[in-house]
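Written out below as C-alpha cells is the structure these notes cover.
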C-alpha cells in the first residue's frame, strides 16, 4: 500500500474566489495547494474589460498569504455586446488567459451572460483565430428542459454545432456531470477538454435529499444519477489528457445556502486535493493522479507544469465543520468528516 505521494504542484482550472472579505478568507485554502488557478469572472459587476481584470488580479495578489507563489489566471466574462477588440487586447497583453461563456441566468451571477450563441459569433471567431480558450458552462436555460437533462441538451443544441462550425476553437467543457459529456469529449480528438470537480466524483443526486433537503450539496450543474458519477470517475482516472482538475469551489455564506431559495455552489477548497486523491486511491489509480492534477490542464492551456512539488500522506484528519468568513461562516465540502489523505506541511490559513 502506498502511504505517501509526491507530485508536481497542481493547478485548479476552475475556481471562484469572490471579492473583498470573502476573497481574503477563502484564497489561502487554494494558495496552499495549487500553483495557479483559472479565476472565474462572475463578480458583480462581471469582469468584462482589461482594466477590470487587472484590478481584480491586483486584489487577489494583495490577499495572498506572505511568501505565496500562487498565480491567478484571469478570465473575461462574455456578454452579448462584448467588444471583440477589448478581448483581443486582453489576450495580447496576457491579461486574459481565457473567456467564459455563461448562458444567461444559468447559474450564480450569470444574469449578464449570453442569451444566444449567435450574438457572440464574431467574438468566437476572433478567439478561434487567436487560439484563446473558451470556457463553457454547459447547460441550456430552456425552462422546458428538465434540470437533470440540461447538460446533455446543451451538447446537442450548442456545443456540437459550435465545434462543427468553428473546428479551430479551443474549448474547455467545465464541470462536466454526465456520461453524455464524457462520451462527447472522448469523441472529439482535438481542441476540446473538460474539467471535473471533486464533489461530482463523490456525490450523486441522492446527496441532495439524504435525511432531508441538503443545501450544501446543491450546485450547478446539479449532481446527477449514480451512472453519471461512475462515468466521471472512469474519465478522471483514465489518464486521458482531455480530462483535468477543476474544483469549481464556490463559497457562499451558510446563511445564503440555508434559506428558502439557497445559492448554488460547493466550497471544496479546504480539502480539494485530498478529496481528489482519495478517489484515485479508491480506483487504484494513484500512478495517474499527477497527470490529472498537474499536467493535463497545463498542457491544454499551453503552459509549463509547475516545477515545485507537494506531498500528501495517508493520515486521517477531520475537515472543519465550519469556517469563519466575511462576518459569517462557510460550510465546506466534507464538513466534519474524516478523510484518509492529508496535504503535508500545509498549515491551515489563519
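Residue numbers (the numbering used here): 42 to 391. Beta carbons are placed, not taken as given, at the ideal position from N, Cα and C, and that holds for glycine. Just so we're clear, the structure is a prediction, and the values are computed from it rather than from any experiment.
- Residue 283 sits in coil when the DSSP states are folded into three classes, being neither helix nor strand.
- Runs of the beta strand (DSSP E) lying entirely within the segment 110-159, each at least 3 residues long, are 112-118, 137-142 in chain order.
- The secondary-structure analysis by DSSP pairs residue 61 with nothing; it has no beta-bridge partner.
- Under the three-state reduction of DSSP output, residue 191 falls in the helix class.
- Between the segment 277-292 and the segment 307-314 there are three or more inter-stretch CB-CB distances shorter than 8 Å, so the stretches are counted as touching.
- In the three-state reduction of the DSSP assignment, residue 383 falls in the strand class.
- Put simply, of 243, 282, 69, 264 the residue whose alpha carbon is nearest the alpha carbon of residue 103 is 69.
- Taking 9 Å as the cut-off, the Cβ atoms of residue 169 and residue 209 count as close.
- If the five residues before and after residue 272 are omitted, its C-beta is found closer than 6 Å to the C-beta atoms of 220, 223, all from its own chain and listed in chain order.
- Taking 9 Å as the cut-off, the Cβ atoms of residue 66 and residue 366 count as close.
- With a beta-carbon spacing of about 7 Å, residue 178 and residue 142 fall inside the 8 Å limit used to define contacts.
- Where residue 236 is concerned, the enclosing beta strand (DSSP E) starts and stops at 233-237.
- In this structure, residue 359 places its C-beta atom within 9 Å of the C-beta atom of residue 380.
- In the DSSP assignment, residue 301 falls outside any beta strand (DSSP E) and carries neither an H nor an E.
- For residue 278, the closest of 323, 253, 174, 108 by C-alpha to C-alpha distance is 323.
- Excluding its 5 nearest sequence neighbours in each direction, residue 351 has C-beta neighbours in its own chain below 6 Å: 50, listed in chain order.
- Put simply, the backbone Cα of residue 182 is about 40 Å away from that of residue 353.
- In chain order, 158 place their CB closer than 6 Å to the CB of residue 199, counting only its own chain and leaving out the 5 sequence neighbours on each side.
- 307 is the residue among 340, 307, 346 whose C-alpha sits nearest the C-alpha of residue 374.
- Non-local C-beta neighbours of residue 283 in its own chain, meaning closer than 6 Å and more than five positions away in sequence, comprise 226, 234, ordered along the chain.
- When DSSP states are grouped into helix, strand and coil, residue 319 belongs to the helix group.
- Nearest Cα to residue 113 within the set 121, 95, 125: 95.
- Annotated three-state conformation of residue 359 is strand, per DSSP.
- Three or more beta-carbon pairs separated by less than 8 Å are not found between the segment 184-192 and the segment 148-163, which leaves the two stretches without contact.
- Contact check for residue 97 and residue 105: beta-carbon distance about 13 Å, past the 8 Å limit, so the pair fails to qualify.
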